[in-house]
Amino acid sequence: MIRRNPTMIPMSDLDVQDVRDMVAKQKSDLEKHQQLMVKMKRLAETSTMTKEDMEMFDHLKEAIARGSEKDKRLGLKPETSHK
2 MIRRNPTMIP MSDLDVQDVR DMVAKQKSDL EKHQQLMVKM KRLAETSTMT
52 KEDMEMFDHL KEAIARGSEK DKRLGLKPET SHK
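In the working numbering, the protein residues as written are 2 to 84.
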């Protein structure tokens, strides 16, 4: 296999900071997702709904709404209209 020098992409300090910010956001999103999964697992194991469980349920509904709104903006899901 022939080795070659890596392609260097010119980046400013702002570009580097943008990449760092994106990586930090992805890590925080992953951590939030993992915490949410732990809460969901606990909810599945217990049959009673507490105040915290209701808050989590509301949080999930909001997240789903944001996701569908994002999909609509990106054109991934066609909007259905009932006339």
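The beta-carbon is built from N, C-alpha and C at its ideal position, and this holds for glycine as well.
Please state whether the Cβ-Cβ distance between M57 and K40 is less than 8 Å.
yes
I'd like the list of long-range same chain contacts for D14, defined as Cβ closer than 8 Å, with 5 residues on each side in sequence excluded.
none
Beta-carbon gap between L61 and D54 smaller than 8 Å
no
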